[in-house]
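Participant: Chains as they are written, first to last, in our numbering: chain A, 17 to 200; chain B, 130 to 848. Note that CB positions come from ideal geometry on N, CA and C, so glycine has one too. None of these values were measured; they are calculated from a predicted model.
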Amino acid sequence: MKRIFFLLILTLSTAVSAQSGASVITEYEIKAAFLYNFAKFVDWPEEIAGTDSGKIYIGVLGQSPFGGVLEKIVQDRRIDGRTIVIKEFKRLQELDFCHILYISNSESRRLRRIFGQLSKENTLTVGESNDFLTKGGVIRLVNKRNKVRFEIDLEAANKAQLTISSRLLKLAENLKGTHTNGRK
Amino acid sequence: MINRHRRHWLGIAVARKLSNQLRHLLLHREKYPLALGVIFFVLAGHLHATPVVPLNGKNPTSKILLDIPIEKLLEVEFVTLFKKRESLMEAPAAVYSLSNDDIVRSGATRVPDALRLIPGLQVAQHNANSWAVTARGFSGMARGISGQFANKLLVLADGRSVYTPLFSGVSWETQDFMMEDLARVEVIRGPGATLWGSNAVNGIINIVSKDASATQGTLISAGGGTEQRAFTHIRHGGKFGIRTYYRVFAKYLKQDSFIDENGLDASDDSEMARGGFRVDSYLTNAHLTVQGEIYGGEFNRGYRAVRSDSGPFPEEFTYRDKMSGGHLRTKLHRDFSSTSALDLQVYFDRVSTDEAVVSGRINTFDVDLNHRFPVGERHEVIWGTGYRLISDRFDSTFAFYLNPARRNVTLLSAFAQDAIELLPYTLTLTVGSKFEHSDLSGFVVQPSARIRWTPNTDQTLWAAVSRAVRTPSRGEHDGRIIQKSIEGLPTTTFTVFQGDEDFRSENVISTEIGYRRRLVPQAMFDMTFFYNRYTDLQAQLTTIPIELPTLPNTAFRALPVKPTNDIKGKTFGFELSADWQINQRIGLSTSYSYLQIDLENQRLIDDTFQLKSTEGLSPEHQALLAVKYNPATNLESDLRFRYVGSLPSQDVSDYITADFRIALNITNTLKLALVGQNLLQSEHFESSQTLTSDNASTVTRRVASQVQRSIFSQVTWNF
Chain A
17 MKRIFFLLIL TLSTAVSAQS GASVITEYEI KAAFLYNFAK FVDWPEEIAG
67 TDSGKIYIGV LGQSPFGGVL EKIVQDRRID GRTIVIKEFK RLQELDFCHI
117 LYISNSESRR LRRIFGQLSK ENTLTVGESN DFLTKGGVIR LVNKRNKVRF
167 EIDLEAANKA QLTISSRLLK LAENLKGTHT NGRK
Chain B
130 MINRHRRHWL GIAVARKLSN QLRHLLLHRE KYPLALGVIF FVLAGHLHAT
180 PVVPLNGKNP TSKILLDIPI EKLLEVEFVT LFKKRESLME APAAVYSLSN
230 DDIVRSGATR VPDALRLIPG LQVAQHNANS WAVTARGFSG MARGISGQFA
280 NKLLVLADGR SVYTPLFSGV SWETQDFMME DLARVEVIRG PGATLWGSNA
330 VNGIINIVSK DASATQGTLI SAGGGTEQRA FTHIRHGGKF GIRTYYRVFA
380 KYLKQDSFID ENGLDASDDS EMARGGFRVD SYLTNAHLTV QGEIYGGEFN
430 RGYRAVRSDS GPFPEEFTYR DKMSGGHLRT KLHRDFSSTS ALDLQVYFDR
480 VSTDEAVVSG RINTFDVDLN HRFPVGERHE VIWGTGYRLI SDRFDSTFAF
530 YLNPARRNVT LLSAFAQDAI ELLPYTLTLT VGSKFEHSDL SGFVVQPSAR
580 IRWTPNTDQT LWAAVSRAVR TPSRGEHDGR IIQKSIEGLP TTTFTVFQGD
630 EDFRSENVIS TEIGYRRRLV PQAMFDMTFF YNRYTDLQAQ LTTIPIELPT
680 LPNTAFRALP VKPTNDIKGK TFGFELSADW QINQRIGLST SYSYLQIDLE
730 NQRLIDDTFQ LKSTEGLSPE HQALLAVKYN PATNLESDLR FRYVGSLPSQ
780 DVSDYITADF RIALNITNTL KLALVGQNLL QSEHFESSQT LTSDNASTVT
830 RRVASQVQRS IFSQVTWNF
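(1) CB-CB under 8 Å to D905 (chain B), same chain, minus the five flanking residues each way: which ones, in chain order?
(2) Excluding the five sequence neighbours on either side, which residues of its own chain have a C-beta within less than 8 Å of the C-beta of D483 (chain B), listed in chain order?
(3) Which of the three DSSP states, helix, strand or coil, is assigned to K800 (chain B)?
(4) Assuming H358 (chain B) and D385 (chain B) are in contact, meaning their beta carbons sit under 8 Å apart, how far apart are those beta carbons, in whole angstroms?
(5) To the nearest angstrom, how far is it from the Cα of G186 (chain B) to the Cα of D464 (chain B)?
(6) What residues in the stretch 79-98 of chain A bring their beta carbon closer than 8 Å to a beta carbon of chain B?
(7) Using Cβ-Cβ distances below 9 Å, what residues of the stretch 791-809 of chain B are close to chain A?
(8) Three Cβ pairs or more, each shorter than 8 Å: is that satisfied between the stretch 581-599 of chain B and the stretch 555-567 of chain B?
(9) Sorted by chain position, which residues of the same chain lie with C-beta nearer than 6 Å to E444 (chain B)'s C-beta, five sequence neighbours on each side aside?
(10) Where does the unbroken alpha helix (DSSP H) through A684 (chain B) begin, and where does it stop?
(11) Between S342 (chain B) and chain A, is the shortest Cβ-Cβ distance under 7 Å, so that the two count as touching?
(12) Hey, does N188 (chain B) have any beta-carbon neighbour from chain A nearer than 7 Å?
(13) Report, in whole angstroms, the separation of the C-beta atoms of L348 (chain B) and N847 (chain B), which I expect to be a contact under 8 Å.
(14) Kindly indicate which residue of B:Y292, B:M653, B:E565 and B:V625 has the alpha-carbon position closest to the one of Y705 (chain B).
(15) Taking the C-alpha atoms as reference points, what is the distance between D736 (chain B) and T664 (chain B)?
(16) Would you identify the three-state DSSP class for I131 (chain B), choosing helix, strand or coil?
(17) Under 9 Å Cβ-Cβ, which residues of chain B neighbour F16 (chain A)?
(18) At the level of alpha carbons, what is the spacing between A434 (chain B) and S817 (chain B)?
(19) Under 8 Å, CB to CB, which of the residues in the stretch 563-591 of chain B have a partner in chain A?
(20) Do we get a CB-CB distance below 7 Å when we pair K71 (chain A) with the residues of chain B?
(21) Might you give, ordered along the chain, the residues of its own chain that have their beta carbon closer than 8 Å to the beta carbon of G774 (chain B), omitting 5 neighbours on each side?
(22) Rounded to whole angstroms, what's the CA-CA distance from N730 (chain B) to E635 (chain B)? Just pull it up for me.
(23) Count the other CB atoms, across all protein chains shown, that sit within 10 Å of the CB of S69 (chain A); report buried if there are 16 or more and exposed otherwise.
(24) Contact criterion: CB-CB distance below 7 Å. Does V233 (chain B) meet it with respect to chain A?
(25) Could you please give the first and the last residue of the uninterrupted alpha helix (DSSP H) stretch that includes V240 (chain B)?
(26) With 7 Å as the threshold, decide whether the Cβ of S181 (chain A) is near any Cβ in chain B.
(27) Whose Cβ in chain A lies nearer than 8 Å to the Cβ of P503 (chain B)?
(28) If you draw a straight line from the C-alpha of G288 (chain B) to the C-alpha of M656 (chain B), how long is it?
(29) Name, in chain order, the residues that DSSP records as bridge partners for S338 (chain B).
(30) With a threshold of 7 Å between beta carbons, is S466 (chain B) in contact with chain C?
(31) Below 7 Å on C-beta distance, what does E200 (chain B) contact in chain A?
(32) Which residues in the same chain have their Cβ closer than 6 Å to the Cβ of I726 (chain B), if we skip the five residues on either side of it in sequence?
(33) Is there a Cβ of chain A sitting closer than 7 Å to that of L282 (chain B), yes or no?
(34) Where do the ends of the alpha helix (DSSP H) carrying R234 (chain B) lie?
(35) Look at S766 (chain B) and Y772 (chain B) and say whether their C-beta atoms are less than 7 Å apart.
(36) Near V836 (chain B), which residues of its chain fall below 7 Å by C-beta distance, leaving aside the five closest residues on each side in sequence?
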């Protein structure tokens with residue numbers, strides 16, 4: 017019995033000592049970094065009524081899978097001098113304008129209604145459910161062998177009057193439609 | 130100068146001492162396999178790991194993600210060893226899943242050995258080729274027509290029930306798979322009858338193989354060692370056109386015998402071969418699967434049973450049991466949208482058995498339809514219906530017969546379940562019921578209600594109340610088996626287990642509460658408490674002596690023992706588990722489960738022996754600690770400690786043992802693995818044929834043997 021406890025402690029100590037060597041990156045840290053990059057590589061129409069031109073709003077609708085990561089790493093960053101502000105919306109009724117809206121999988125049954133409400137907005141919608149693009153979303157994040165990839169629906173982007181950088185388009189896994197909004 | 134010199138000499142002395150120790154270990158490696166493993170582990174643990182993203186010391190890793198170009202971001206890997214488990218985070222049931230990686234790294238060559246990793250599951254190896262697997266009690270050797278063994282756990286292999294209707298249990302010896310090609314093994318503890326039907330009383334095991342598209346290329350694997358004498362797996366996967374994938378495979382395994390209580394060879398070696406195929410075709414919005422397999426095996430076993438009318442009664446002998454079978458299954462999955470889908474499955478399964486006491490065959494034909502669709506924004510409905518025809522034929526012998534010898538049993542079933550979102554994404558209520566009719570069990574209703582509260586994505590609190598039944602087996606309904614003669618009587622009188630058509634289903638009403646929480650993104654724990662109330666459990670009632678009607682020799686008399694629904698009881702317990710993926714290289718899993726069983730007679734008869742023996746078939750405590758560790762990118766190692774409490778009624782003492790695996794990827798296609806199992810003692814009992822006292826309910830049994838320490842190596846070539 018003594019020998020076993022000795023072995024247990026040895027094993028645990030090894031595990032813990034080896035921990036110090038490597039870094040841990042989680043899925044939603046990477047996805048948060050993608051949202052930040054989308055803000056960098058997408059242009060919104062010059063004037064969006066009722067918004068502060070010095071800010072980029074990134075919203076999360078529904079049950080947030082980011083668990084504070086988004087605020088921690090993206091909040092207060094600047095893109096072309098504009099600060100990023102994170103907003104969370106528990107339900108559709110609370111929603112107000114965001115440049116980027118991440119729509120959680122918890123909302124997958126309500127996608128039609130959500131896109132209906134957003135149809136007149138210049139919002140870059142990002143989601144993960146299988147039919148996110150077919151229901152009207154702009155960018156879908158996809159996990160492939162522990163890496164994050166993304167798909168873009170250009171028709172939805174055109175409708176929202178978004179201009180997506182060719183650098184981003186080139187990296188998309190799956191591109192639907194053609195771009196009509198021109199490029200900066 | 131002098132100082133440095135001295136230190137140098139001191140260093141040499143220490144190194145010499147260490148190397149002597151190491152040489153001693155290596156020379157006597159059969160004595161210290163574990164010590165060597167641990168030394169490797171510790172040495173490897175102090176090697177430095179290289180982070181995927183360079184750290185600059187100031188910022189936390191996550192902030193750096195914002196500064197790397199997006200092209201690089203696409204290549205950053207996240208930690209997911211427990212991904213499969215994470216996707217079960219919100220399930221309102223006690224679910225646990227082993228991924229392909231978990232299964233391969235367990236080093237198990239057979240599924241029951243991999244099941245030892247699952248919290249709350251009780252796995253007991255009875256001899257070198259028989260296992261009993263259960264959850265939440267009622268374990269024991271799953272054999273014996275009288276059906277008082279591990280009969281409350283349903284097992285599905287790729288959607289096909291492998292729970293045998295003959296004796297209510299699973300013949301694990303023939304349930305074998307290409308471990309490399311399994312996608313996952315999913316275990317639900319607690320009743321699952323609303324979706325899966327009868328006999329999912331204490332749990333369900335779903336063994337799921339990979340799609341053919343995920344097993345492209347050729348895999349050749351071979352190995353051998355002290356117990357797994359020789360095994361070979363061969364698989365080839367390819368494509369027909371652009372949408373259809375296939376694989377063909379074959380597996381052979383020769384297993385050595387264990388030892389008996391006196392340390393002598395238990396003559397329970399076995400040999401098994403199987404071959405099969407799977408085709409997956411991806412049509413527009415549909416997925417068609419066709420798979421089939423045939424197998425055959427020979428299993429040497431010690432028996433203590435009545436075999437012929439010439440005696441002795443019972444006789445101790447060894448018999449080479451032969452079992453074979455095959456199945457063909459096709460499944461069509463059709464997606465209408467991401468929330469609506471239809472599944473249609475048809476399978477045929479045949480099992481033939483020629484064992485010491487029982488021989489015959491069972492054919493099963495099954496059609497199953499499931500349909501899932503949303504109603505409005507708040508309801509997700511799933512309903513289904515099924516038809517199963519079980520057609521069997523058994524040979525009548527002196528010791529065993531079924532009356533009638535052939536029987537067709539029809540099972541009709543239907544179920545409906547609605548998941549209602551009471552509060553958007555935080556509160557969901559799931560209600561549903563299964564309705565079944567079978568010739569043996571009559572009409573059965575198995576409802577359940579589950580409520581789930583997910584205040585955020587990091588935690589889930591759930592509770593459930595459900596009813597499930599274990600339906601009578603063919604043996605309990607129609608069987609007769611001669612067990613032994615009663616000593617000291619003038620005419621030879623046997624105790625005879627006599628099936629009874631009045632025997633009804635056993636019932637459980639189970640109440641469960643569970644809580645799951647992610648502590649940091651890569652660590653989570655899970656706890657479940659359950660309280661089960663059983664009624665109408667099988668008791669064995671001794672009736673008045675009669676003459677055996679169908680025996681040629683009328684000199685024999687019989688004391689029939691028949692199954693009655695006369696035991697009720699309560700079980701209470703909890704299961705705790707935690708998984709922690711420390712980093713890309715190290716993962717820890719630990720679990721503990723507690724079980725308390727309290728049975729009593731339902732009517733005035735008093736059969737304390739039977740109550741005590743059933744209560745004492747399952748361990749009160751079980752614990753597990755498993756470490757996965759990759760010292761280098763081409764090296765993976767695993768170490769696992771298991772504790773299983775004693776089985777009082779079987780006189781089996783508790784044990785703690787360890788398993789170990791190291792695998793080295795020599796090239797991208799060639800892998801070498803070394804596996805050690807049951808390392809802490811040279812042999813131990815996990816099950817026994819002896820109940821602590823003897824009475825009329827002693828039945829025909831396979832003799833138990835001691836599980837031995839085993840070491841084997843394996844080469845896998847995947848190209």
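Facilitator: Taking the geometry as given:
(1) Beyond the ends of chain B as shown, which are 130 and 848, falls residue 905 (chain B); an answer cannot be given.
(2) D450, K451 and M452
(3) strand
(4) Here the sequence assigns Arg to residue 358 (chain B), which means His is not the residue at that position. Contact flag correct, Cβ pair sits at about 5 Å.
(5) Bear in mind that a pLDDT of 38 at G186 (chain B), under 50, signals an unreliable position, so the number given afterwards is only what the model happens to contain. Between G186 (chain B) and D464 (chain B), the C-alpha separation is close to 49 Å.
(6) Q79, S80, P81, G83, V85, K88, I89, V90 and R93
(7) L809
(8) yes
(9) R436
(10) Counting along the chain, A684 (chain B) falls outside any alpha helix (DSSP H), and DSSP gives it neither H nor E.
(11) no
(12) Below a pLDDT of 50, predicted positions are generally treated as unreliable, and N188 (chain B), at 48, falls in that range; the measurement from the model is reported next regardless. It does not: the Cβ of N188 (chain B) has no partner Cβ on chain A nearer than 7 Å.
(13) 5 Å
(14) What sits at residue 705 (chain B) in the sequence shown is Leu, not Tyr. Selected option, being the one with the closest Cα: B:M653.
(15) 16 Å
(16) Because the pLDDT at I131 (chain B) is just 44, under 50, the model does not fix this residue reliably, and the point stays unresolved.
(17) Chain A is shown from 17 up to 200; residue 16 (chain A) falls before or after that span and cannot be answered.
(18) 15 Å
(19) T583, N585, T586 and D587
(20) no
(21) P748, E749, H750, Q751 and D783
(22) 14 Å
(23) exposed
(24) no
(25) V240 to L244
(26) no
(27) R125
(28) 27 Å
(29) B:L311
(30) In summary, chain C is missing from the structure at hand, where the protein chains are A and B.
(31) L187
(32) G266, T700 and E744
(33) no
(34) N229 to R234
(35) no
(36) Q254, F387, N807, E812, H813 and E815
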